[in-house]
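One structure is given below, encoded as structure tokens.
2 protein chains.
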Amino acid sequence: MSENCDSLQNLINAFTNLPSVGTKTAERYAYSVINMDEDTVKNFAESLIQAKQNLHYCKTCGDFTDKDICNICERRQSKVICVVKEPKDVKAIEKAKNYTGLYHVLHGTISPLENKGPEDIRIKELITRVTENEIDEVIMATNPDIEGEVTATYIAKLLKPLGIKVTRLAQGIQMGSDVQYADEVTLTKALQDRREI
Amino acid sequence: MSENCDSLQNLINAFTNLPSVGTKTAERYAYSVINMDEDTVKNFAESLIQAKQNLHYCKTCGDFTDKDICNICERRQSKVICVVKEPKDVKAIEKAKNYTGLYHVLHGTISPLENKGPEDIRIKELITRVTENEIDEVIMATNPDIEGEVTATYIAKLLKPLGIKVTRLAQGIQMGSDVQYADEVTLTKALQDRREI
Chain A
15 MSENCDSLQN LINAFTNLPS VGTKTAERYA YSVINMDEDT VKNFAESLIQ AKQNLHYCKT
75 CGDFTDKDIC NICERRQSKV ICVVKEPKDV KAIEKAKNYT GLYHVLHGTI SPLENKGPED
135 IRIKELITRV TENEIDEVIM ATNPDIEGEV TATYIAKLLK PLGIKVTRLA QGIQMGSDVQ
195 YADEVTLTKA LQDRREI
Chain B
15 MSENCDSLQN LINAFTNLPS VGTKTAERYA YSVINMDEDT VKNFAESLIQ AKQNLHYCKT
75 CGDFTDKDIC NICERRQSKV ICVVKEPKDV KAIEKAKNYT GLYHVLHGTI SPLENKGPED
135 IRIKELITRV TENEIDEVIM ATNPDIEGEV TATYIAKLLK PLGIKVTRLA QGIQMGSDVQ
195 YADEVTLTKA LQDRREI
């Protein structure tokens, strides 16, 4: 088959463009496509085109949307904004189904290594939004790594003089995990931030 | 985003149709598609449609092809046929790059549990091919499990009276593996089939 059949090889090659998909997995995917019914494959192809054509950033929060303003920005009345690095983070927090506030996607973090300064991510837009909309609280939900911490601290310094409450996602032992397997930094943080029960 | 944006959700759903792809992986794939350039996405969609539309079984060997007769059947002159369960097996053997004979894809094995008898797989076509084309040898390359063994034995019984040499892929310790980790059945087989060096 290696010397056989372009249609199959093209499809296998297409699948290897996906993250962490090697030849073996791409082959499995390709063969599974041949066994799907025709409508499923048509919908699959259509959804690829549609997603690429329609998706862009929400003018307000920067999350992906197929409209001008995303549903969350349009429908939710809230004085709380949760600031995240990427659209994926919005999806993760939405799945937890406990947050009913707004979002702001930075599309990156301050990272000298990647040559990214504060002006390269959507901080200016955040400040404008916060001041124009009487926001009470900004929750910094950037990742708990160096870039995420630096970005959170930087934004906090800008917002606090404006009288905005700035909070950070709690850090500590992961739910469902074992204390014995937690790393030292996490344990130190969990001890520092311990709370009365 | 869960209440946001059909284009993204449709694409995520489409990816979950692939084997062993859950929501998390589908999301990763979907976000990566949004970051691909437009041509790559168009080619991806096109290759899905093309594969589904063009691929069918080769009239001779039963492997996938986008023509009437696959390249291997068309180009190779050989009196040896390797019999496999699925098109994937052809691909695997071709990758080893050491076999230059023909193939015959059974599209299944004899399996009473799945209610599959000899007439449900492409055995009749094999017999016709072998007798009409003066084949010297048939290599049974069905899997080394019960169904594969039963199918190999069944076909051997049909072919031997016709004076055809029927062989089976060697079974034994896997190359690069450890003797200590080999299972009992494999070790027994490897001892029985030991060869002089």
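In the order they appear, the protein sequences are chains A and B.
Take the position in the first sequence, starting the count at 1, then add 14; the result is the number in our numbering.
Take the position in the second sequence, starting the count at 1, then add 14; the result is the number in our numbering.
Glycine residues also receive a C-beta, built at the ideal position from the N, C-alpha and C atoms.
None of the values given here were measured: they were computed from a predicted structure.
For residue i, is the classification buried or exposed, using 16 other Cβ atoms within 10 angstroms of its Cβ as the cut-off for buried?
i: Glu-100/A; result: buried
i: Lys-179/A; result: exposed
i: Met-189/A; result: exposed
i: Val-199/A; result: exposed
i: Gly-162/A; result: buried
i: Lys-105/B; result: buried
i: Asp-51/B; result: exposed
i: Ile-137/A; result: buried
i: Ser-191/B; result: exposed
i: Ala-59/B; result: buried
i: Leu-173/B; result: buried
i: Ile-213/A; result: Only positions 15 to 211 of chain A appear in this structure, which leaves residue 213/A out of reach.
i: Leu-116/B; result: buried
i: Ala-155/A; result: buried
i: Ile-135/B; result: buried
i: Ile-153/A; result: buried
When the Cα atoms are used, what is the spatial distance from residue i to residue j?
i: Ala-44/A; j: Val-193/A; result: 43 Å
i: Asp-80/A; j: His-70/A; result: 6 Å
i: Ser-16/B; j: Lys-111/A; result: With a pLDDT of 45 at Ser-16/B, under the threshold of 50, the modelled position of that residue is not reliable, and the figure given next carries that caveat. Rounded to the nearest angstrom, the two C-alpha atoms are 10 Å apart.
i: Asp-123/A; j: Ile-107/A; result: The amino acid at residue 123/A is misidentified as Asp; the sequence shows Thr. Thr-123/A and Ile-107/A: Cα-Cα distance of roughly 18 Å.
i: Arg-90/B; j: Gly-76/B; result: 15 Å
i: Glu-128/B; j: Asn-157/B; result: 16 Å
i: Arg-182/A; j: Ile-95/A; result: 12 Å
i: Tyr-168/B; j: His-121/B; result: 16 Å
i: Thr-30/A; j: Thr-54/B; result: 11 Å
i: Lys-130/A; j: Thr-165/A; result: 11 Å
i: Arg-42/A; j: Thr-202/B; result: 32 Å
i: Val-97/B; j: Ser-34/A; result: 33 Å
i: Tyr-195/B; j: Ile-187/B; result: 10 Å
i: Lys-102/A; j: Thr-74/A; result: 17 Å
i: Cys-19/B; j: Tyr-113/A; result: 18 Å
i: Ser-125/B; j: Arg-209/B; result: 32 Å
i: Asn-49/B; j: Arg-143/B; result: 50 Å
i: Ile-141/B; j: Val-47/B; result: 47 Å
i: Leu-176/A; j: Lys-93/A; result: 15 Å
i: Asn-85/B; j: Cys-72/B; result: 9 Å
i: Glu-133/A; j: Phe-78/B; result: 53 Å
i: Thr-145/A; j: His-118/A; result: 14 Å
i: Gln-206/A; j: Lys-109/A; result: 28 Å
i: Ser-61/B; j: Ile-83/B; result: 21 Å
i: Asn-57/A; j: Ala-170/A; result: 45 Å
i: Asn-147/A; j: Glu-139/A; result: 12 Å
i: Lys-38/B; j: Thr-39/A; result: 16 Å
i: Asp-150/B; j: Asp-197/B; result: 34 Å
i: Glu-88/A; j: Gly-36/B; result: 30 Å
In the DSSP assignment, the beta strand (DSSP E) including residue i goes from what residue to what residue?
i: Lys-179/A; result: 179–182
i: Val-193/B; result: Val-193/B -> no beta strand (DSSP E), and no H or E assigned at all.
Locate the alpha helix (DSSP H) running through residue i, then write down its first and last residues.
i: Val-199/A; result: 198–206
i: Thr-39/B; result: 37–49
i: Ile-26/A; result: 20–29
Residues of chain E with CB closer than 9 Å to the CB of residue i, please, in chain order.
i: Asp-20/A; result: Reference to chain E is not applicable here, since the protein chains of this structure are A and B.
Nearer than 7 Å: is that true of the beta carbon of residue i relative to any heavy atom of the ligand SAM?
i: Lys-66/A; result: This structure lacks the ligand SAM; in fact it carries no ligand of any kind.
Open item on the list: Which complete beta strand (DSSP E) runs does the region 106–168 of chain A hold, if anything under 3 residues is left out?
Closed with: The beta strand (DSSP E) runs lying completely inside the region 106–168 of chain A and spanning 3 residues or more are 116–119 and 151–154, given in chain order.
Task: contact_flag[the region 25–33 of chain A, the region 58–77 of chain B] where n(CB pairs < 8 Å) is 3 or more - done: Here the region 25–33 of chain A lies against the region 58–77 of chain B, with 3 or more beta-carbon pairs under 8 Å apart.
Open item on the list: Which runs of the alpha helix (DSSP H) at least 4 residues long sit entirely within the region 67–100 of chain A? Give them in chain order.
Closed with: The region 67–100 of chain A contains these whole alpha helix (DSSP H) runs: 85–89.
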